[in-house]
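Everything on this sheet refers to the single structure shown next.
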Amino acid sequence: MPSKKQLTVFLILSLILGVAAGLAGAQDPVRIRWYVGLGAGTDAPLVAAQEEVVADFNESQDAIELVLEIVDNEQAYDVLSTQIAAGNAPDIVGPMGIRGRASFPGAWLDLTSLIEANDYDLSDFDPALIDFYRVEGEGQLGIPFAVFPSFLMYNIDLFDEAGIPYPPSAYGETYTDWEGVEQEWNIDTLAEVAKILSVDINGNDATMEEFDTGNIVQFGFGNQFTDVRGRATLFGAANFVDAEGNAVIPDIWREAEHWYHNAMWSDYFIPNAVYSGSEIMGGGSANWFDTGNMGMITIHLWFLGWGTANLDADWDFAPVPSNNGVATAKLHADTFGVMNSSENPDEAFTVLTYLLGERAADLTSLYGGMPARLSLQGDFIERTAAAQSEVYPNVDWANLNWDVVLAGLQHPDNPNHEEGMPSFLEASARYNEYGQLVDNNGDEDVDAALDALRDDLQAIFDADM
Amino acid sequence: MTDSKGKNLTEYEIRRRRRNLLLQASVTLFALAILAVYLMPMAYGVVTSLKSKAQTSDPGAPVWPAEALSFEYEGEGYDILQVPTENGIRHWALVKKGRRASQFIDPANPAGGLIDWEGNWRQLEPVREFAVQWDNYPRAWNTIDFARLLANTLLYAFVTMVGTVISSACAAYGFARFNFPFKNLLFMVMIGTIVLPPAVTLVPKYAFFINVLDWGGTWLPLIVPAMFGNAYNIFLLRQYFLTIPREMEEAAQIDGAGRVRTFVAVILPQAVPALTAVSLFHFFFAWNDFFEPLIYLAGNREANPITVGLTEFNGLYSSETQLILAAAVIAMIPPLAIFFLAQRVFIQGIVVTGVDK
Amino acid sequence: MDMFTEFGAARGQARWSIRAALRLAGAQREEAKWGLLFIGPWLIGFALFYLAPMIVSFLFSLYDFTLTAPDDAVFVGIDNWRRMLADDPKTWETLFVTFKFALISLPIGMVSAFLLAVLLNSQHLMGRNIMRTLFYAPTMVPLIAAILIWSRVLNPQTGWLNQMIQVTGIQAVGMDGLRWLDDPSLIYIAYTFIGLWGIGNAILINLASLQGVPTELYEAASIDGAGWLRQLWSVTVPMVTPVIFYNLVLSTVGLLQYFIVPYVLNDGNGYPEGSTNFYMIYFYKQAFPFQNMGYGATLAWFMFIIGLAITIFLFWSGRFWVYYAGESRS
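Residue numbers (the working numbering), protein chains in the order written: chain A, 23 to 487; chain B, 4 to 360; chain C, 1252 to 1581.
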């Protein structure tokens, strides 16, 4: 028999739920969905700023309702893929780099006809950059939006604490070390500096006998927020696919992987998997530099601002070290793509031109990118410094070594470290697995792991045929 | 020695009672110890959700919510450390760090200028103060847009709860009271669906809902199938219906009531406890549902339920442990509250059938 | 009576029912009509959402089929099956991972549920009802919330678990300590911990079954001089074998589909070192992100076949160790 208590529970439950059921809405104008996640834009402070852009756009007209969708970068590829499969794809995707574009071959709309129909003026872009987005067999997949050169960032306070000189301030300059000896600013020199900046809990550094590798509290160097291809590019540009479409491990990358493995597991000046997810390196966020426990990182322009939001230390830019006399500063070039499944490509193009035109200035500085529009490049540094100062006053933006950032554009990686591969998502998943394996195991045989990687990639490429 | 009724107790009796008491105490203590370990993560979740961001990532910080003290000197904040000196431990702010020697300032006497100290500052402990960040809760609530997630989840849970309970009750009644061809075979098949991996039916269902019906990004693929009942609920309700005496239905039928009327007017009112249990089961199931919303809603954030919203939040704000845990605590309050209110009905439901979802 | 006992009984009667069905008449036919009407909604749902998809799923497994381009689907015969069984090492790797985890997690989960039920059934326990409620509470915590909390509790440095272990003198905190979620040799134990928060239902069913054990049996054993442990082993355990069996079947089927924990903790990327590449994760990746729907359907069917084989094996083995009180055996 139902007791009073049971009935009461049942009733309360129904009541709560009934009220909730009343909370449902509806709306009408053409909906354009803007998907953010394949590149910059997913970090918390940017979310609000992008929402503002969306609100501005929606207020400026009635025909289109722009909706923002932000998915965490790690999940963004799977989610977009599932959305495409579900016939629920967004209209506009971006900002995204080459990796984003290459991950979804055939999914992008050729903008050529829309550019012509709208008489869209492309004269404000470097023609070479426009060609960058023209993919054979697929068409003009994007209009240039922003470039993100990479550079070295170093924590001035940590150099001071260690009492050693700062890295050079321009490409080609030498490094005068703590003994007054001039050194080429190459990977070996970087390693020496990084060792001194790697410190254990007792204050011993990685050059010392007493260095306690089980209790490191500060690291010297790291390639932050990148993968195996990204970090190997420090040694030189290459790819896992050769001209014939076969899987290869380029020699220069094999050398790089040995160097990284040693740095993580013998010298301990780069965080291995054990340390990289640890609390002293920022835990799940893996934002090493922001913790103040990281001496130097390589990173891209999009990192600026939000990337150092919690960092209570001075820092500056420096050139990426060279290898065999050549410095390679890997490059990200972003755009927005329109998905070819969009039911309203015209409206999507309207939004696209809004983002790439009227809002290009504030959006590029928001993402920390250098605008692709030539007319906006002139005062790019001043504008970025001003915009960043407003949101992140903890950094003296105007007095940073911006020249070295711009100089990085002269050292791009070609082929790009995000270049396409057959079965892109599967192949990426496989080489990430390789990365997990060697970064998590000190005694792993790097050569054997790389050979296994090559064989598996070959199998994945073959299955794609 | 006497007991409360004043009777003399034999020595044996006393010893037996003592032994019992001892046994009782040790068993209970043992259970409490296990319980403490078992529930520890909950306590951890609540405590950590009240900490500052800085504290959550500081391995040396105490377990309770606390904040490291700092001292402002010439416009900059510096951490106050416990510095051993000739005059005992002093609380000084660390201004200039060095590997072998550092410079401090005494907050009690900033005019005294920088004090040189020989030694390694990394070996010094910071000075901390108890501080609870209640603010984390409203922040988590707003950042994750909890109101919308909650409305979505409740709407989904409620609609499917009503639908599945009604259809399950019908089917349960059919299995409990009627004879029809292949009844036992069908009953067996029904139970069998419980061990069928959902993955087997997932791909065609997905293709059908998405490609044929164009239901991508909507709740329909989740709601519609639930309207046809489900094996757990049918089984539980059938078991309950079997315990209801047939005489009551027969009396109703003599009064001229039809089958449907008998079911609605006689059986259902008798079965309120079981119906409540089934409703609660379904409610908790829906509250927990993750995989299907993940796939069918496919990033349609507007429609996300709490579970999917929480995982997204976890990804986007991975460095804000305290906010993520605050969100997790908020998400577990409603089911826990309902459970504590209705635990008798609920536990009874599980025990009756030996079934859970 | 639990679900599987009913299942067995129904199985016994099914054969009879088929024959009886053929000779219906009059009032019986009326009753049958109403019965079918009442189970109608479920029957339609079953046909639409179980039976038909199962058949279609099998057909899909014979096609190279991408959902975004359904028109390009190509009939490939048993190619998907051959790829899965012979050419794709991932099939066996992920199955191996799944079984390895099941072999660790299943016994721990089942023994814990049983022992906790024994504890909660003890007459010496004070505040039994409150205790039962509290032990059940974690089961009510939504799994996602539980995972988010556990992932932090298991943090090697700031997590409370390691800090608690550290107190006992074992080196747990820090880099050389216990890295639950990063160490392939600890990861299954860590996932098992998370799983232990969901054993509330198993505890309750065990508890109900324990209460059904006739006290005479204990008295008899006690007179024979059996101690507590011996009573537990030779009286309690046999009497609750039906519940153990029931939990075993459901847990096995559930573990074969293990997905949410690794998906939420690391997006299903297998971290650390592929040790969390569970079969279901692999299925999901193939079917959804990689959009190989045909191959996904093949993987799903294989999972079904394996699950079915295990279930049949368990039911068969149950004849030898599951003790049903009041059931005569021949």
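All C-beta atoms, glycine included, are put in the ideal place defined by N, C-alpha and C.
- The beta carbon of C:G1519 sits no closer than 8 Å to any beta carbon of chain B.
- Sequence-distant partners of A:F483 (beyond 5 residues in either direction) whose C-beta falls short of 8 Å from its own C-beta, in its chain, are V263, G267, N268, A269, M443, P444, S445 and A449.
- C:M1544 is not a Cβ neighbour of C:Q1508, given a cutoff of 8 Å.
- Assigned with DSSP and collapsed to three states, A:F483 falls in helix.
- Under the three-pair Cβ rule at 8 Å, the stretch 1427-1445 of chain C counts as touching the stretch 1352-1360 of chain C.
- In terms of Cβ geometry, A:T104 and C:P1540 form a close pair [threshold 8 Å].
- Per DSSP, the continuous beta strand (DSSP E) segment holding A:W337 begins and ends at W337 to A340.
- Residues of chain C whose Cβ lies closer than 8 Å to the Cβ of B:Q346 are, in chain order, T1384 and Y1387.
- The alpha-carbon of C:L1506 is positioned some 20 Å away from that of B:L297.
- Proximity of C:R1333 to chain A, defined by a Cβ-Cβ separation below 8 Å, is not satisfied.
- For B:R125, a Cβ of chain A is located within less than 8 Å of the residue's own Cβ.
- Taking 7 Å as the Cβ-Cβ cut-off, the stretch 211-235 of chain A approaches chain B at I223, N224 and G225, given in chain order.
- Residue state for A:F181 is assigned as helix, using DSSP reduced to three classes.
- In this structure B:I17 is exposed. Its beta-carbon is surrounded by fewer than 16 other beta-carbon atoms within 10 angstroms.
- Per DSSP, the unbroken beta strand (DSSP E) holding B:G91 starts and ends at G91 to K99.
- Chain A has a Cβ within less than 8 Å of the Cβ of C:P1540.
- For C:F1316, there is no enclosing alpha helix (DSSP H), as DSSP marks it with neither H nor E.
- Here C:S1402 is buried. Its C-beta has 16 or more other C-beta atoms within 10 Å.
- Among the residues facing chain A, B:K208 is not included, as its CB has no counterpart in that chain under 8 Å away.
- Uninterrupted beta strand (DSSP E) stretches at least 3 residues long and entirely within the stretch 295-379 of chain A occur at 316-322, 337-340 and 354-360, given in chain order.
- Per the C-alpha coordinates, the member of A:D418, A:D461 and A:V360 positioned closest to A:Q162 is A:V360.
- Rounded to the nearest angstrom, the gap between the Cα atoms of A:Y176 and A:Y290 is 18 Å.
- Rounded to whole angstroms, B:E323 and B:S73 show a C-alpha spacing of 22 Å.
- In this structure, A:A124 and A:E440 form a Cβ contact; the two beta carbons are roughly 7 Å apart against a cut-off of 8 Å.
- When the five nearest sequence neighbours on each side are left out, the beta carbons in the same chain lying within less than 8 Å of the beta carbon of C:S1356 are those of Y1439, Y1442, T1443, G1446 and L1506, in order along the chain.
- In this structure, B:L344 lies away from B:V281, with their beta-carbon atoms at least 8 Å apart.
- Looking from the CA of B:A134, the closest CA among B:E89, B:G122 and B:A57 belongs to B:A57.
- Under the three-pair Cβ rule at 8 Å, the stretch 196-211 of chain B does not count as touching the stretch 325-334 of chain B.
- At least one CB atom of chain C sits nearer than 8 Å to the CB of A:Q458.
- Three or more pairs of CB atoms, one per stretch, sit closer than 8 Å, so the stretch 308-324 of chain A contacts the stretch 168-182 of chain A.
- With 16 or more other Cβ atoms from the protein chains shown falling within 10 Å of its own Cβ, A:G252 counts as buried.
- Shown here is that no member of the stretch 1366-1382 of chain C has a Cβ falling below 8 Å from a Cβ of chain A.
- Within the same chain, and ignoring the five residues on either side of A:N462 in sequence, the residues whose Cβ sits closer than 6 Å to its Cβ are A295.
- For B:R241, the closest C-alpha among the options B:Q27, B:G177 and B:L24 is that of B:G177.
- Within the stretch 1325-1371 of chain C, the complete alpha helix (DSSP H) runs of at least 4 residues fall at 1330-1333.
- Cβ proximity to chain C below 9 Å picks out F287, W290, N291, F293 and F294 from the stretch 269-295 of chain B.
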